[in-house]
Amino acid sequence: MKSKRVALQFLKSATLVFSTSLVLMSCGKTTPTGSVDFLTSDIIIGEVDWREITELSDSHPVRLSSRAVADVQFTNGGRCTGFLVSDNVLMTNHHCIGSARDVVGMKVFMKHEKGQSKSQYGEIKCTQFIGNNSALDFALVKCDGAPGQQYGKVVLESNQATDGEDVYVVHQNCDYYTNYNCDWNKKFSLGKVTEVSDMVSHNADTLGGSSGSPIFSEDSNKVIAIHNSGYGGNWQGRGIKNMGVPMSKIVPYIEANFPGVLTTVADGGDQDGGDDSTVNDDDNDTFAKATNLSKNKTVDGVGIESSEDVDIYELKMKAGEVLDFKVLFSHAEGDLDFKVYKKVGSKVKYIKKKESASNNEVIKMRVSSTTSYYVKVFGYKGAQAKYSVVFKKY
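Each position in the sequence shown, counted from 1, maps to that position plus 1197 in the working numbering.
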């Protein structure tokens, strides 16, 4: 909690049950009293590596996703993060909004970003409590008018998250353990899904006040979970892992108990990840000649044999499937990296690059489109090496 630097907080929810290990809830507000768990603010993992959302171009997919994310402030001086799930419905955590009384006097700002004055924060009115669920740790509030048409709204992913999937969290925060008077401008944190069970564990940095943040898939830019807690800690906001409640559980519950809330989200469509660089098949026949890999395929004994050599593999995927691709090699022989593309119409669009100093390069992601994905393997700075490919989809 920023305003009072309280290390240990107690939460109302008795139905959100955790193990006897220390769990840290990422709320930035004083919560109602009641039955308790040993819970506190959330965590940064390793070095602080979140960035200001304003560092990205207006057309960047992460910046576009961030437009629907809000700074939610309460009359008791606490705060959380929320996001628009339809034209007029805001979602955040149950431990932020436990009942209708928590909405009274609540302020919601859509553009609390670096460089904006308070008069430019884009305040919207969200005053009608719709409902919540303590076990799934979410709450819904209806807003006046249709702010989602102005600021945008997220798309919720009903499929289960994937272990190893690249993600990003958009949230309102700053490192107030280092600088107590810092401004919690809108930030984004990059990370990966580290475990999928009843919760989605991830390693993107957050702190108290990040409660209610959307966790986006980097590939589809859909929300796979709502961030709500962390694990470990040294009472300075540093710990081991962060967690969220999967949308694969929340979406069916909302559809069954709050029908109509998500109707404007269902046709939200996809945003393409990565940058805007494209390669036309007519200009580069190596994509047309790519080696097609079938499901659960292993290729041994291939190699990058010159500084200009590249190997391109085509992977035919269906929306919602997991693409699991590994390049196995000896780093001592030569450092290999790869880039991932996907077919969009008549073009091939760049998505992301995988590089490291390890012996293997691995990507695992749930794809957003039914189309061909491509992996281009190449040597780092002209390196040459033999390698194997292991491809799975499920």
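Note that beta-carbon positions come from the ideal geometry of N, C-alpha and C, so glycine has one too. It should be emphasised that the depicted structure is a prediction, and the values quoted were computed from it without experimental measurement.
Sequence-distant residues of its chain with Cβ nearer than 7 Å to residue i (five each side left out)
i	result
LYS1497	Lys is not the amino acid found at residue 1497; the sequence shown has Asp there. Taken in chain order, the residues that qualify are SER1585.
GLN1346	ASP1284
PHE1455	ILE1327, GLY1328, LEU1337
C-alpha gap between residue i and residue j, whole angstroms
i	j	result
LYS1583	TYR1365	33 Å
MET1444	ALA1422	5 Å
GLY1274	PHE1280	20 Å
GLY1405	THR1488	48 Å
GLY1342	LYS1315	21 Å
ASP1255	TRP1247	18 Å
SER1504	TYR1318	51 Å
LEU1490	VAL1524	13 Å
TYR1577	THR1483	19 Å
HIS1292	THR1375	25 Å
ILE1294	VAL1541	41 Å
CB contact flag (residue i, residue j, <9 Å)
i	j	result
TYR1571	TYR1510	yes
ASN1425	SER1408	yes
THR1403	GLY1427	yes
VAL1367	THR1289	no
PHE1522	VAL1559	yes
VAL1448	LEU1353	yes
MET1303	PHE1335	no
ASP1360	GLU1415	no
ASN1378	LYS1311	no
SER1569	LYS1513	yes
LYS1573	LYS1492	no
6 Å Cβ shell around residue i - same chain, five flanking residues per side excluded
i	result
PRO1344	ILE1321
ASP1268	PHE1306, HIS1309, GLN1369
THR1495	VAL1587
GLY1410	The sequence given here places Ser at residue 1410; Gly does not occur at that position. For SER1410, where only same-chain residues beyond five positions count, the Cβ hits under 6 Å are THR1278, VAL1366, HIS1368, HIS1424.
GLY1579	SER1504
Top-ranked residue by Cα proximity to residue i, from the options
i	options	result
ASP1395	LYS1550, ASN1370, GLN1357	GLN1357
THR1324	ILE1560, ARG1298, LYS1492	ARG1298
LYS1419	PRO1456, LYS1589, ALA1265	ALA1265
PHE1594	TYR1318, ASP1341, SER1296, LYS1315	Because residue 1594 is not part of the residues shown, which for the chain are 1198 to 1591, the question remains open.
TYR1450	GLU1518, LYS1438, THR1483, ASN1329	ASN1329
SER1355	VAL1259, HIS1528, LYS1446	LYS1446
GLN1581	HIS1291, ALA1529, VAL1541, ILE1501	ILE1501
ASP1372	ILE1294, ASN1556, GLU1249, GLU1452	GLU1249
GLU1518	PHE1526, ASN1557, TYR1591, ASP1380	TYR1591
Nearest-angstrom Cβ-Cβ length linking residue i and residue j, presumed shorter than 8 Å
i	j	result
VAL1499	ASP1506	Going by Cβ atoms, the distance from VAL1499 to ASP1506 rounds to 10 Å, so no, they are not a contact pair.
VAL1458	VAL1286	5 Å
MET1562	LEU1533	Wrong, their Cβ atoms sit about 19 Å apart, outside the cutoff.
VAL1282	VAL1351	6 Å
PHE1413	SER1262	6 Å
ASN1400	LYS1384	Incorrect: roughly 15 Å between the Cβ atoms, too far for contact.
LYS1551	PHE1575	Not a contact, Cβ separation roughly 11 Å.
Chain D within 9 Å of residue i, Cβ atoms only
i	result
SER1254	In the structure shown, chain D does not exist; there is a single protein chain.
Close Cβ partners of residue i (< 8 Å) along its chain, the five nearest in sequence each way excluded
i	result
LEU1333	HIS1291, VAL1442, LYS1446, ILE1447, TYR1450
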